[in-house]
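Visitor:
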Amino acid sequence: MKGGSGTTVVAACLALLAASAPDGALLVDLAGDAAAALGLPEPSQPGVRDWLAADPAVEADALHDLSVPATPGLRLLPAGTASLPSRPSRARVELLARTLASQRVVADLGIPPPELLPLLTRADVSLLVIRPCYLALRRATELPARPTGIVLVGEPGRALGRREVEDVTGVRVLADVDVEPSVARAVDAGLLAARLPRGLARALRPAA
115 MKGGSGTTVV AACLALLAAS APDGALLVDL AGDAAAALGL PEPSQPGVRD
165 WLAADPAVEA DALHDLSVPA TPGLRLLPAG TASLPSRPSR ARVELLARTL
215 ASQRVVADLG IPPPELLPLL TRADVSLLVI RPCYLALRRA TELPARPTGI
265 VLVGEPGRAL GRREVEDVTG VRVLADVDVE PSVARAVDAG LLAARLPRGL
315 ARALRPAA
């Protein structure tokens, strides 16, 4: 893992694991870094943020046209060229949630604004990716929606662990992911999709 909490790398890994299903999978990038994490060229075309900001006449069918092939079995719906609207239309968010519900989808929401809450409440599984940090746990208690599970990104020397995280949040840890140099190297080299680290894939299978 690298950077922040590891949400994008975890989302990319879960999407790669889901892509082995017969119908494949879709990775929806609302956080903005999925293409980089997968080692793909940065898409220059409109994406999901542009769709959220578009006129209501732009229908849900357009979302498929905005997606691009990522790996065998996996398509990426990129963030796009627009910033996430500060207050996206609730009707647009609800339409997006309904449309995604008909597919096998992994969505990277980053730190979602309250307006994206329908995407969480309609999801079969919503995962909070968190490090065992006091400040992160404090923020977790203020989330607008309670996740169904936690992916705990462990680091050597932390005073807190799985039990404390579960006690504070009241949510079960579904996967423990250790910080490993191999993951950072794979992301830095753009090889996460081509050579998914076995330890990362093994750790996340229970949450996939």
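Under my numbering, the first residue of the sequence shown is numbered 115, with each subsequent residue one higher. Ideal placement from N, C-alpha and C gives every residue a C-beta, glycine not left out.
#1: Out of Ala174, Val219, Asp169 and Ser203, point me to the one whose CA is closest to Ala322's CA.
#2: Which of the three DSSP states is assigned to Ala215 in this structure?
#3: Using the Cβ count rule (16 or more neighbours within 10 Å means buried), how would you classify Ser296?
#4: Look at the alpha carbon of Leu274 and the alpha carbon of Leu210, and state the distance between them as a whole number of angstroms.
#5: Counting only the same chain and skipping the five closest in sequence on each side, list residues whose C-beta sits under 7 Å from that of Pro232.
#6: Mark Gly224 as exposed unless 16 or more other C-beta atoms lie within 10 angstroms of its C-beta, in which case mark it buried.
#7: Measure the CB-CB distance between Asp198 and Leu144 and report whether it falls below 8 Å.
#8: Can you tell me whether Gly161 is buried or exposed, with buried defined as 16 or more other CB within 10 angstroms of its CB?
#9: So Leu274 is in the alpha helix (DSSP H); what residue range does that whole segment cover?
#10: Taking just the CA atoms, how far does Val267 sit from Leu242?
#11: Let me check understanding here. Comparing Cα to Cα, which of Leu230, Glu278 and Leu306 lies closest to Thr255?
#12: Buried or exposed, going by whether 16 or more other CB atoms sit within 10 Å of the CB of Met115?
#13: Just reading off the beta strand (DSSP E) that Arg189 is part of, what are its end residues?
#14: Quick one: using the 10 Å Cβ neighbour count with 16 as the cut-off for buried, is Leu141 buried or exposed?
Guide: Based on what the coordinates show:
#1: Here residue 322 refers to the residue found at position 208 when the sequence shown is read from its first residue. Residue Val219 holds the alpha-carbon nearest to the alpha-carbon of Ala322 among Ala174, Val219, Asp169 and Ser203.
#2: Along the sequence shown, one-based indexing puts residue 215 at 101. Three-state DSSP puts Ala215 in coil, outside helix and strand.
#3: Position 182 of the sequence shown, counted from the start, is the residue given in the question as residue 296. With fewer than 16 other CB atoms across the displayed protein chains lying within 10 angstroms of its CB, Ser296 is exposed.
#4: In the sequence shown, residue 274 corresponds to position 160, counting from 1. In the sequence shown, residue 210 corresponds to position 96, counting from 1. Roughly 37 Å between the two C-alpha positions.
#5: The count along the sequence shown starts at 1 and reaches residue 232 at position 118. So the list reads Val207, Glu208 and Ala211, once near-sequence residues are dropped.
#6: Along the sequence shown, read from residue 1 onward, the residue named residue 224 stands at position 110. Under a 10 Å Cβ-count criterion, Gly224 is classified as buried, with 16 or more other Cβ atoms of the shown protein chains found around its own Cβ.
#7: For the purposes of this step, residue 198 is taken as the residue at position 84 of the sequence shown. For the purposes of this step, residue 144 is taken as the residue at position 30 of the sequence shown. According to the sequence shown, residue 198 is Leu rather than Asp. Their beta carbons are under 8 Å apart, which means Leu198 touches Leu144 by this criterion.
#8: For the purposes of this step, residue 161 is taken as residue 47 along the sequence shown, with counting starting at 1. Gly161 counts as buried, since at least 16 other C-beta atoms from the protein chains shown sit within 10 angstroms of its C-beta.
#9: Counting from one through the sequence shown, the residue named residue 274 turns up at place 160. Careful: Leu274 lies outside any alpha helix (DSSP H) and carries neither H nor E.
#10: Sequence index remark: in the sequence shown, residue 242 carries index 128 (1-based). Sequence index remark: in the sequence shown, residue 267 carries index 153 (1-based). Whole-angstrom Cα-Cα distance: 10 Å.
#11: What you label residue 255 is simply residue 141 of the sequence shown in a count that begins at 1. Comparing Cα positions, the closest option is Glu278.
#12: Here residue 115 refers to the residue found at position 1 when the sequence shown is read from its first residue. Confidence in Met115 is poor, its pLDDT being 34 and thus under 50, which makes the residue's placement unreliable; the coordinate value appears in the next sentence. Classification of Met115: buried, given that the 10 Å Cβ count is 16 or more.
#13: Residue mapping note: residue 189 aligns to position 75 of the sequence shown, counting from 1. Counting along the chain, the beta strand (DSSP E) containing Arg189 begins and ends at Leu188 to Leu191.
#14: For this step, residue 141 is matched to residue 27 along the sequence shown. Taking a 10 Å sphere around the C-beta of Leu141, we find 16 or more other C-beta atoms and assign the residue as buried.
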